[in-house]
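As structure tokens, the structure follows; a few thoughts come after it.
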Amino acid sequence: MNTGSGIRLEQSTDNDIRDNSCTASYAGVLCFRNSTGNSIHDNTFSSNLYGIALSFGSDNNTICNNEVSSNNCAGISLWQSDSNAIYLNNLIDNSPNAGSEESINNTWNSPEEMTYTYHGNTYTNYLGNYWNDYAAYLLPVGHNNPGTIYLITGDTYYWQDEALAYDGNIETYAKVWVGDIQFGPWLELFAPPKPSQGIRFWLGPWINYGIHPTVELFYDGDWHFLTEWKDGQWRVLDEYREGNIPPKGEWIEIDYPEQMIEKARIRYGPDTLGSRGYAQLHEFQFKTASSDADGDGIWDTPYTIDGDKDNYPLMEPFENYEMSEDTTPPTVSSVSPEDSATDVRVDTVVTATFSEAMDSTTITTDSFTLAGSAVSGTVTYNPATYTATFTPDTNLDYNHTYTATLSTAITDLAGNSLDGGEDGTSEGSPIDDYSWSFAVRLCGMHAEELHMTPTIWSSFRGFPFVLAIYANVR
1 MNTGSGIRLE QSTDNDIRDN SCTASYAGVL CFRNSTGNSI HDNTFSSNLY GIALSFGSDN
61 NTICNNEVSS NNCAGISLWQ SDSNAIYLNN LIDNSPNAGS EESINNTWNS PEEMTYTYHG
121 NTYTNYLGNY WNDYAAYLLP VGHNNPGTIY LITGDTYYWQ DEALAYDGNI ETYAKVWVGD
181 IQFGPWLELF APPKPSQGIR FWLGPWINYG IHPTVELFYD GDWHFLTEWK DGQWRVLDEY
241 REGNIPPKGE WIEIDYPEQM IEKARIRYGP DTLGSRGYAQ LHEFQFKTAS SDADGDGIWD
301 TPYTIDGDKD NYPLMEPFEN YEMSEDTTPP TVSSVSPEDS ATDVRVDTVV TATFSEAMDS
361 TTITTDSFTL AGSAVSGTVT YNPATYTATF TPDTNLDYNH TYTATLSTAI TDLAGNSLDG
421 GEDGTSEGSP IDDYSWSFAV RLCGMHAEEL HMTPTIWSSF RGFPFVLAIY ANVR
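Printed below as a string of structure tokens:
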């Protein structure tokens, strides 16, 4: 073994290193101590300790179109070296393929869009590098150990798709990784032990504040959802009626982010999402709201790599969840005021609590009404307690009986209508409308002070007596 490097640059700039083959060396090429502005391209570096190594201020170099394979410490290693461009390289069976420490602003994709031909079609896009081991690095090992990962921090990297075999299918003015371009690698995903916690995960150091994985949910029916975990909750990026339609990238909040995922590889069974139905397949894939608009099989937005795994802690798997279709209609668990109450205040609000989570869009002043005299008001729904509240615009009439009604237009998240008769089926209005009555007998007011004329007084001191006061309150 050559204990030195095949090619060594020290405080050297603007060199063009091409058409070399280096093996059994410390490094195929070593740029050391402020070696800047060099171009390293069209070389083969194999079976060294390092294929290409940049260190101690070796900035603004271009590394492209190299074959880097079977190097024992790293295929490409950056140490305290910034603003380098690394693209169109084949990184194969290195240990690891790449590493970057104390280095910033390096880019792992072409600085400009490139035109290439793939399977007879011509595309223009940014191109990155071929990594033969993405799938192996992305799959977690056990429940808490994510396995070996790339040590790349502070750099910009364009996420390429599934690791591609070298088979000559892409023709371009620069040799690049080639093969069947597909949507990027499907990953193992663990669900939380309680669905109310949402779904959090860590799949590698490139997932951080600026990179957010998306989940595509294929529903039993015509509705499809594309969701993303961001800012501590799941959000819907897009929803559409037909399959294989690219997302628009529009952000929509999820009201009920309580997907439950069965631990499995590639396909999962989550619970309901919003009020649109039940998923049968759950497939996870790296991509952003940007779609593959030009059809070249590569997503169109660069990413930033940061390496902060604490934002995506790996959860324990949810082992025994079995998804089943919800056909049970909701019922009313409790109401306030209670049915037949006779001591209700004039300033009361009327509430109804349901047996399960409800579709808030169906709970309105048309489906939750108060009658007995003309009563207007506002209706709200609290998803945390399953409680609907009718708040009258003015006080209710004293000494008056009211009837509150919940109609079968109210549904749960699966679209099941209210079962007011509580017999297990909903037969529609008016049979399964839920109604209850109460009487207003209390004014809901009290006097801070009571003044009487003439004054009442007694000369009996030391003896108890009863004083009764009657008043009409208007």
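Numbering (full-length UniProt numbering), first residue to last: 1 to 474. Glycine included, each C-beta is placed from N, C-alpha and C at the ideal position.
Under the criterion of beta carbons closer than 8 Å, residue 75 and residue 51 qualify as touching, at roughly 5 Å. Here the region 335 to 343 does not lie against the region 375 to 386, with fewer than 3 beta-carbon pairs under 8 Å apart. For residue 355, the CB contacts under 7 Å within the same chain, skipping 5 residues up- and downstream, are 330, 331 and 333 in chain order. When DSSP states are grouped into helix, strand and coil, residue 391 belongs to the strand group.
Per DSSP, residue 33 has no beta-bridge partner at all. Residue 359 is classed as buried because its beta carbon has at least 16 other beta carbons within 10 Å across all chains shown. Following the DSSP letters along the chain, one finds residue 61 in no beta strand (DSSP E), marked with neither H nor E. Comparing alpha carbon positions, the residue from 414, 357 and 363 closest to residue 385 is 357.
The C-alpha of residue 364 lies about 54 Å from the C-alpha of residue 112. Burial check for residue 431: the Cβ neighbour count within 10 Å stays below 16, so the residue is exposed. The beta carbon of residue 84 sits closer than 6 Å to those of 61 and 106, all from its chain and outside the five residues before and after it, given in chain order. Nearest to residue 415 by alpha-carbon distance, out of 406, 92, 426 and 66, is 426. Spatial neighbours of residue 439 in its own chain (CB-CB distance under 6 Å, excluding positions within 5 residues in sequence) are listed in chain order as 342 and 401.
When the Cα atoms are used, residue 72 and residue 13 turn out to be separated by approximately 27 Å. Straight-line measurement puts the Cα of residue 388 at about 19 Å from the Cα of residue 395.
Taking a contact as a CB-CB distance under 8 Å, the pair residue 58 and residue 31 counts as one, their CB atoms being some 4 Å apart. Membership of residue 368 in the beta strand (DSSP E) is indicated by the continuous run 368 to 371. If you compare the alpha carbons of 33, 349, 49 and 338 with that of residue 23, the shortest gap goes to 49. Under the three-state reduction of DSSP, residue 401 is assigned to strand.
For residue 44, the enclosing beta strand (DSSP E) covers residues 44 to 46. Bridge pairing for residue 382: 387 [DSSP]. Comparing alpha carbon positions, the residue from 373, 411 and 377 closest to residue 437 is 373.
For residue 54, the uninterrupted beta strand (DSSP E) run begins and ends at 50 to 55, by DSSP. Spanning the alpha carbons of residue 102 and residue 55 requires a straight line of approximately 10 Å. Using a Cβ distance threshold of 7 Å, residue 350 and residue 409 do not count as a contacting pair.
Look at residue 360 here: in three-state DSSP terms it is helix. With contacts defined by Cβ atoms closer than 7 Å, residue 92 and residue 63 do not form a contacting pair. In summary, residue 371 is exposed, with fewer than 16 beta-carbon neighbours lying within 10 Å of its beta-carbon over all protein chains present.
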